[in-house]
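Numbering (my numbering), first residue to last: 447 to 634.
We put the CB at the ideal spot given by N, CA and C, even for glycine.
Just so we're clear, the structure is a prediction, and the values are computed from it rather than from any experiment.
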Amino acid sequence: MGRLIQAKELQGKNTVAFARRLLGCALVRTLADGRQERHLIAETEAYNGWEDRASHASRGRTPRNAPMFAAGGIWYVYLCYGVHEMLNLVTGPEGFPAAVLIRGVTGITGPGRLTKALGIDRQLNGAPVAPASGLHLEESVTVPARWIQRTPRIGVDYAGPEWAGKLWRFRVDAERLLKLAAEKSARG
DNA sequence: TACTCGATCGGA
DNA sequence: CCGATCGAGTAA
447 MGRLIQAKEL QGKNTVAFAR RLLGCALVRT LADGRQERHL IAETEAYNGW
497 EDRASHASRG RTPRNAPMFA AGGIWYVYLC YGVHEMLNLV TGPEGFPAAV
547 LIRGVTGITG PGRLTKALGI DRQLNGAPVA PASGLHLEES VTVPARWIQR
597 TPRIGVDYAG PEWAGKLWRF RVDAERLLKL AAEKSARG
C-alpha cells in the first residue's frame, strides 16, 4: 500500500513531467467485492495543451474531449478504432486540456489490452481518480532515472513531425519494476 | 445526412 | 500488411 495520489497533485501544467513520474506508481482497481488489484505503471504518454496536434484537444473542446478541459484528477476514457477503450488520467488546471495515456502496466502491454484486462470502459469517463470510483492511483516504487526510456509517442504520425517527434512517451522495463517492488516488500 | 478516419490489435 | 468496428468530427 502506498500514499494515495490526490487530485491537487494533478492540477499543474507539468504534464510531461507527470507522465514520467507516473512510472512505478500503482494503478489500483477496486472490484465489486471490495478486493483490490494493483498494477505498477510501466508505460505512459503525455498529451499536452491545445497546440499539441496529436491531442484530441488540438481542435478545441468537443463533447468527447470535454473531460480533458476539466481540472486534473479525473479519468478520460474513450473508444479508439471502434474497438479499444483507452484509459487517460486528466491533468492540468481547469481549462488547460491535458492528459496522460496509461499505455501499460506490469504484465500487460498495450493500452487496449490494459483496459480489457482491468474491465475498464467508458463508464469510468469523467469519474474522479479515487477509490470510490473503483480506480485510483498510489505511489509505489521509485524508478531510477537511468531505467527510464523516452521515445516519441505511438500512432500519432498524423500530427506531423514536430508533434509526433516529441519525446513524450515514457517506459520502464516491467521486470525491473517487479524487482523494485520485491525489494521494497522485503524491506518491510 | 454522408462521408472520413482514428492515442490499436491480432491474424494472414 | 490488412481488416475489424463504431462513434466523433466535419461538411453540407
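- prompt: Assuming L456 and G519 make a contact with CB atoms under 8 Å, what is their CB distance in whole Å?
  reply: Start at 1 with the first residue of the first sequence, and residue 456 comes out as number 10. Start at 1 with the first residue of the first sequence, and residue 519 comes out as number 73. So it is a contact: roughly 5 Å between Cβ atoms.
task: Go ahead and pull the three-state DSSP assignment for R477.
output: The sequence position of residue 477 within the first sequence is 31, counting from 1. Per the sequence shown, residue 477 should be read as Leu rather than Arg. Note: L477 maps to coil in three-state DSSP.
- request: Can you grab the Cα-Cα spacing for the pair L583 / R510, in whole Å?
  value: Here residue 583 is taken as the residue at index 137 of the first sequence, counted from 1. Here residue 510 is taken as the residue at index 64 of the first sequence, counted from 1. Spanning the alpha carbons of L583 and R510 requires a straight line of approximately 23 Å.
query: Looking only at C-alpha atoms, which of L533, D619, L624, R622 sits nearest to A492?
result: Locating residue 492 in the first sequence gives position 46, counting from the first residue. Selected option, being the one with the closest Cα: L533.
task: Given a cut-off of 8 Å, decide if R481 and L581 are closer than it, judged by their beta-carbon atoms.
output: Indexing the first sequence from 1 puts residue 581 at position 135. Indexing the first sequence from 1 puts residue 481 at position 35. Taking 8 Å as the Cβ cut-off, L581 and R481 do not qualify as a contacting pair.
query: How is the beta strand (DSSP E) around W521 delimited, first residue to last?
result: On the first sequence, residue 521 is found 75 positions in, with the first residue counted as 1. For W521, the enclosing beta strand (DSSP E) has its first and last residue at 521-526.
- request: Pull up the CB-CB distance for G538 and K459, whole angstroms please, since I reckon it's below 8 Å.
  value: The count along the first sequence starts at 1 and reaches residue 538 at position 92. The count along the first sequence starts at 1 and reaches residue 459 at position 13. That belief holds up - the Cβ atoms of G538 and K459 are roughly 6 Å apart, short of 8 Å.
message: Which of the three DSSP states is assigned to F542 in this structure?
response: Locating residue 542 in the first sequence gives position 96, counting from the first residue. The three-state reading of DSSP puts F542 in coil, since its state is none of H, G, I, E or B.
- request: Might you give, ordered along the chain, the residues of its own chain that have their beta carbon closer than 8 Å to the beta carbon of E447, omitting 5 neighbours on each side?
  value: In the first sequence, residue 447 corresponds to position 1, counting from 1. Going by the sequence as given, residue 447 is Met instead of Glu. Same-chain partners within the cutoff: E584.
- request: Tell me whether P598 counts as near the ligand GDP, meaning its Cβ is closer than 7 Å to at least one heavy atom of that ligand.
  value: The ligand GDP is not part of this structure, which contains no ligands at all.
message: Quick check: L535 and A545, are their CB atoms within less than 8 Å of each other?
response: Position 89 of the first sequence, counted from the start, is the residue given in the question as residue 535. Position 99 of the first sequence, counted from the start, is the residue given in the question as residue 545. The answer is yes: Cβ separation under 8 Å.
Straight-line gap, C526 to I600 (C-alpha atoms, nearest Å): Start at 1 with the first residue of the first sequence, and residue 526 comes out as number 80. Start at 1 with the first residue of the first sequence, and residue 600 comes out as number 154. The alpha-carbon atoms of C526 and I600 are separated by roughly 14 Å.
message: Threshold first: 3 residues or longer. Then list the beta strand (DSSP E) segments lying entirely within the segment 557-630, N to C.
response: Counting only runs of 3 or more, we get 581-584, 595-597, 615-617.
message: Measuring only the C-alpha atoms, how far is L613 from A463?
response: Residue numbering aside, residue 613 sits at position 167 when the first sequence is read from its first letter. Residue numbering aside, residue 463 sits at position 17 when the first sequence is read from its first letter. Looking at the two C-alpha atoms, the distance is approximately 11 Å.
query: Looking only at C-alpha atoms, which of R449, Q452, L469, A465 sits nearest to W593?
result: Position 147 of the first sequence holds residue 593. Cα-wise, what sits closest to W593 is L469.
query: Taking the DSSP output, what are the residues bridged to H530?
result: Taking the first sequence and counting its residues from 1, the one referred to as residue 530 is at position 84. In the DSSP output, where bridge partners are listed per residue, H530 has C526.
query: Expressed to the nearest angstrom, what Euclidean distance is found between the alpha-carbon atoms of A512 and L626?
result: Translated into the one-based positions of the first sequence, residue 512 becomes position 66. Translated into the one-based positions of the first sequence, residue 626 becomes position 180. Going by the C-alpha atoms only, they are around 37 Å apart.
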